[in-house]
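The structure appears right after this line, and notes come after that.
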Amino acid sequence: MARKVCVIIIIVNLILLGGATVFIAWYSDHMVFPSFSVEQGAINEYKFNATNHLNAKFIFIVHSQNNDPKYDITYNKVVVSVYHLNGYSLTYEAENPYTVHHRNSTFFTAHPVAHDVVVSDKGVASEIRNETMAGHLDLEVRVRVDVKYEVKGWKKKEYLLKAICSPVVVNFTTWKTFNKTYCLKTPRHRPEGPPPPSTADAPSLLPFKLFNHNSRF
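Numbering-wise, the sequence shown is residues 358 to 574 according to the working numbering.
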């Protein structure tokens, strides 16, 4: 009888140990995805001429928040793209990589430049001209970035994040009227595969997603 009790106790302990192991493994893999917001935006040296050629220097201050309680996140291959609110591509810029520790945040400033960009769509050109007369531009700021999670230097997971911050309404004359814009995302694990396309592919960015590296930006 005592032997049976010992066997039962051993089995129960093994079950509890196995359950604890599964829980620990799940908890260590349960990651919280980062969040972004555009805190400030401005335009310098703006010109949209009669032949629909756009020149502008954009400035965006982006807040990058790591909401995970245990993982540090490294952000690589950061690309910030600027679109008109209707989805027409205007310009983009590659940013420097950076790391944010768990439950921490940082800011970075993007300076995309539109140099003699031809707005060939007449409807879009008309909208931009009307907004120019009103003293502002209605934009989307899109972010693409490789995010790498790391805890205590050994456990790593990588994702490809694509997000849209919209609407970003930028006033020509002052920062004071700017309204903070939050960016959304729908996370998905990035499987192993070839490296991502170059930043030259940035203008084809798709909405708010974590995609595998075979997808086009």
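Even for Gly, the Cβ is constructed at its ideal location relative to N, Cα and C.
Please classify A482: is it buried, with 16 or more other beta-carbons within 10 angstroms of its beta-carbon, or exposed?
In the sequence shown, counting from the first residue as 1, residue 482 sits at position 125. Per the 10 Å Cβ criterion, buried.
Are G492 and N528 close, meaning C-beta to C-beta below 8 Å?
As a first step, residue 492 must be located in the sequence shown, where it is residue number 135. As a first step, residue 528 must be located in the sequence shown, where it is residue number 171. In contact: G492 and N528 (Cβ atoms closer than 8 Å).
Using CA atoms only, rank isn't needed, just tell me which of R501, D503, V502 and R486 is closest to D495.
What you label residue 495 is simply residue 138 of the sequence shown in a count that begins at 1. Nearest of R501, D503, V502 and R486 to D495, Cα basis: R486.
Does the segment 513-528 come within contact of the segment 469-483, defined as at least 3 CB pairs closer than 8 Å?
no
DSSP three-state call for K513: helix, strand or coil?
Stepping through the sequence shown from its first residue, residue 513 is reached at position 156. Three-state result, K513: strand.
Sorted by chain position, which residues of the same chain lie with C-beta nearer than 8 Å to D429's C-beta, five sequence neighbours on each side aside?
Here the question's residue 429 lines up with position 72 in the sequence shown. For D429, where only same-chain residues beyond five positions count, the Cβ hits under 8 Å are N423, T456, V457, H458, H459, Y506, E507 and V508.
Express the C-alpha separation of D425 and P391 in angstroms, rounding to a whole number.
Walking along the sequence shown from the start, residue 391 turns up at place 34. Walking along the sequence shown from the start, residue 425 turns up at place 68. When rounded, the distance between both Cα atoms is 7 Å.
Which of the three DSSP states, helix, strand or coil, is assigned to K542?
One-based indexing of the sequence shown puts residue 542 at position 185. Three-state DSSP puts K542 in coil, outside helix and strand.
Assign T538 to one of two classes, buried (16 or more other C-beta atoms within 10 Å of its C-beta) or exposed (fewer than that).
Locating residue 538 in the sequence shown gives position 181, counting from the first residue. When all chains shown are included, T538 counts as buried.
Using a 10 Å radius around the Cβ and a threshold of 16 neighbouring Cβ atoms, would you call K542 buried or exposed?
Taking the sequence shown and counting its residues from 1, one reaches residue 542 at position 185. Around the beta carbon of K542, 16 or more other beta carbons sit within 10 angstroms, so the residue counts as buried.
For the alpha helix (DSSP H) holding A482, just list the boundary residues, first then last.
As a position in the sequence shown, residue 482 is number 125, starting the count at 1. Here the alpha helix (DSSP H) through A482 covers K479 to A491.
Three-state secondary structure (DSSP) at R460?
Position 103 of the sequence shown, counted from the start, is the residue given in the question as residue 460. Reduced to three states, the DSSP call for R460 is coil.
Measure the C-alpha to C-alpha separation of E497 and E515 and round it to an integer number of angstroms.
What you label residue 497 is simply residue 140 of the sequence shown in a count that begins at 1. What you label residue 515 is simply residue 158 of the sequence shown in a count that begins at 1. Rounded to the nearest angstrom, the two C-alpha atoms are 26 Å apart.
By Cβ distance, which residues of its chain are closer than 7 Å to L447, with the 5 residues on each side in sequence left out?
Position 90 of the sequence shown holds residue 447. Excluding sequence neighbours, L447 sits near L411, V439, Y440, H441, A471 and V474.
If you run the structure through DSSP and keep just helix, strand and coil, what is L442?
Taking the sequence shown and counting its residues from 1, one reaches residue 442 at position 85. It is coil, neither helix nor strand.
Just how far apart, CA to CA, sit K427 and F393?
One-based indexing of the sequence shown puts residue 427 at position 70. One-based indexing of the sequence shown puts residue 393 at position 36. Approximately 19 Å, taken between the alpha carbons.
State the DSSP-derived secondary structure class of V476, mapped to helix, strand or coil.
The count along the sequence shown starts at 1 and reaches residue 476 at position 119. DSSP places V476 in coil when its eight states are reduced to three.
Counting along the chain, where does the beta strand (DSSP E) carrying Y403 start and finish?
Here residue 403 refers to the residue found at position 46 when the sequence shown is read from its first residue. Segment S392 to F405, the beta strand (DSSP E) holding Y403.
From which residue to which residue does the beta strand (DSSP E) around F417 run?
Here residue 417 is taken as the residue at index 60 of the sequence shown, counted from 1. Per DSSP, F417 belongs to the beta strand (DSSP E) from H410 to N423.
On the criterion of 16 or more Cβ atoms from any shown chain inside 10 Å, does F464 qualify as buried, or is it exposed?
Here residue 464 refers to the residue found at position 107 when the sequence shown is read from its first residue. Its Cβ having fewer than 16 others within 10 Å, F464 is exposed.
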